[in-house]
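Structure first, then comments.
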Ligand SMILES: Cc1cc2nc3c(=O)[nH]c(=O)nc-3n(C[C@H](O)[C@H](O)[C@H](O)COP(=O)(O)O)c2cc1C
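Residue numbers (this note's numbering): 1 to 325.
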């Protein structure tokens, strides 16, 4: 029996794996590759650029994909919602902010609404609203996130979610993580870091090399890159990246960074322009340990499913009577 969970039926997909809508990384080609391999790819709407979104939806062609937005940023450009709903996405994911103002449009368009949460308070609001699925994101995640760890947070969200499917995120990049998420009561997983180095990802070559040689030991959450990028992120969330010269210099000295902002922003921009990952961020999570090849996204997805099935069978044998383990 292939692995089949309620989110397979909800989204009409074969495997319970979603590509995270990674800003600047999850474009149309990556989203379509994950969807064609049986999961559901979400384009990263990020901070909102209408031309970019149109181009990336076009790049996905006829393949069914979804899209995700950073909610507080979408609130500043709400017209982008109409633009993507015209493309009939398979799912629309909102993270980081008040999703209530967008509900009616999304449901009127008969699109599935997925809300990513980092606290039980946010999860309760999503449950009370009756969203179609909840992503419970642990702090291990790459990109923006909160402080709760995936292992205790996911089952706590499952306990309050009633019959709304919960999708686990944060630190999951192989079949062992998928099997563990299912054991925690999740209906599937949403993965970012695990697809970051895919052939189809829009991450730069140097960033892909950095994750291959990097480790979860060497990531941290901070706000230094948001300050350098001039993004006024609410203080509830900060950004997990690999450590580099910029984090070493400023993450313990935010006041100093703000005092030298113009100079540091110029240095940061110059580094970004030449893809210097000593200063520019490599936005990945603790699952960096598990990413060891630049390969087609479908290979990573198929391996994840096959490995999860092996581990779930092995685990179920542990509880069978007369089993040799
Ligand atoms: C490079 C990168 C960019 C991300 N950008 C976004 C984003 O724009 N919107 C969003 O909701 N989540 C974003 N995330 C977080 C993901 O939605 C997801 O929670 C996370 O990737 C899951 O943890 P993992 O990285 O361990 O797989 C990003 C993650 C990464 C790694």
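Idealized CB from N, CA, C, for every residue including glycine.
Exercise. Residue 255 to residue 146, Cα distance in whole Å?
Worked result: 22 Å
Exercise. Can you round the beta-carbon distance between residue 15 and residue 38 to whole angstroms, since I take them to be within the 8 Å contact cut?
Worked result: 4 Å
Problem set entry | Per DSSP, the bridge partner or partners of residue 242 | 219
Exercise. Residue 18 by DSSP, collapsed to three states: which one?
Worked result: Residue 18: strand per DSSP, three-state reduction.
For this session: Kindly indicate the opening and closing residues of the alpha helix (DSSP H) around residue 112.
Result: Note, residue 112: premise wrong, no alpha helix (DSSP H); beta strand (DSSP E) at 112-117.
Problem set entry | Limits of the unbroken beta strand (DSSP E) element including residue 91 | 91-95
Problem set entry | Reference residue 91, options 59, 50 and 135, closest by Cα | 135
Problem set entry | Whole-angstrom distance between residue 274 and residue 158, CA atom to CA atom | 44 Å
For this session: State the start and end residues of the unbroken alpha helix (DSSP H) segment that holds residue 300.
Result: 297-318
Problem set entry | C-alpha gap between residue 47 and residue 20, whole angstroms | 15 Å
Exercise. Taking 6 Å as the cut-off, does the CB of residue 327 come closer than this to any heavy atom belonging to ligand 1?
Worked result: A question about residue 327 goes unanswered here, because the residues of the chain that appear run from 1 up to 325.
Problem set entry | beta strand (DSSP E) runs wholly inside the region 162-193, at least 3 long, in chain order | 166-169 and 188-191
For this session: Might you give, ordered along the chain, the residues of its own chain that have their beta carbon closer than 7 Å to the beta carbon of residue 72, omitting 5 neighbours on each side?
Result: 96, 97 and 234
For this session: For residue 203, name the three-state secondary structure that DSSP assigns.
Result: Here residue 203 sits in coil by DSSP.
Exercise. Would the beta-carbon of residue 25 be found less than 6 Å away from any heavy atom of ligand 1?
Worked result: yes
Exercise. Between residue 289 and residue 216, what straight-line distance do the alpha-carbon atoms span, to the nearest angstrom?
Worked result: 5 Å
Exercise. Whose C-alpha, out of 292, 104, 236 and 293, is nearest the C-alpha of residue 119?
Worked result: 236
For this session: Evaluate contact between the region 297-304 and the region 190-202, counting only Cβ atoms and requiring at least three cross-stretch pairs below 8 Å.
Result: yes
For this session: Using the DSSP secondary-structure output, state which residues sit across from residue 40 in a beta bridge.
Result: 18
Exercise. Cβ-heavy atom distance between residue 165 and ligand 1 below 6 Å?
Worked result: no
Exercise. Looking at residue 304 and residue 175, is the spacing between their C-beta atoms short of 7 Å?
Worked result: In this structure, residue 304 lies closer than 7 Å to residue 175 by Cβ.
For this session: Starting from residue 66, trace the alpha helix (DSSP H) both ways and give me its first and last residue.
Result: Element bounds for residue 66: not the alpha helix (DSSP H) but the beta strand (DSSP E), 66-70.
Problem set entry | Same chain, Cβ closer than 7 Å to residue 81, neighbours up to 5 away in sequence not counted | 74, 102 and 105
Problem set entry | Host beta strand (DSSP E) of residue 75 (start-end) | It is not in any beta strand (DSSP E) - residue 75 carries neither H nor E in the DSSP assignment.
Problem set entry | DSSP state of residue 294 mapped onto helix, strand, coil | Residue state, collapsed to three classes: coil.
Exercise. Applying the criterion that 16 or more other CB atoms from any shown protein chain within 10 Å of the CB defines a buried residue, is residue 318 buried or exposed?
Worked result: Within a 10 Å sphere around the beta-carbon of residue 318 sit fewer than 16 other beta-carbons, which makes this residue exposed.
Exercise. Since residue 54 is in the beta strand (DSSP E), which residue starts that stretch and which ends it?
Worked result: It is not in any beta strand (DSSP E) - residue 54 instead sits in the alpha helix (DSSP H) that spans 50-59.
Exercise. Taking the Cβ atom as the reference point for each residue, do residue 24 and residue 59 lie within a distance shorter than 7 Å?
Worked result: Result no, Cβ atoms of residue 24 and residue 59 do not sit closer than 7 Å.
Exercise. Hey, is the region 136-143 in contact with the region 167-181, meaning 3+ C-beta pairs nearer than 8 Å?
Worked result: Look at the beta carbons and you see the region 136-143 touching the region 167-181: at least three pairs across the two are nearer than 8 Å.
Exercise. By how many angstroms is the C-alpha of residue 126 removed from the C-alpha of residue 260?
Worked result: 40 Å
Problem set entry | Counted within 10 angstroms of its Cβ, other Cβ atoms place residue 325 as buried (16 or more) or exposed | For residue 325, the pLDDT reaches just 48, beneath the cut-off of 50, and the residue's location in the model is therefore unreliable, although a value from the coordinates is still provided. Classification for residue 325: exposed.
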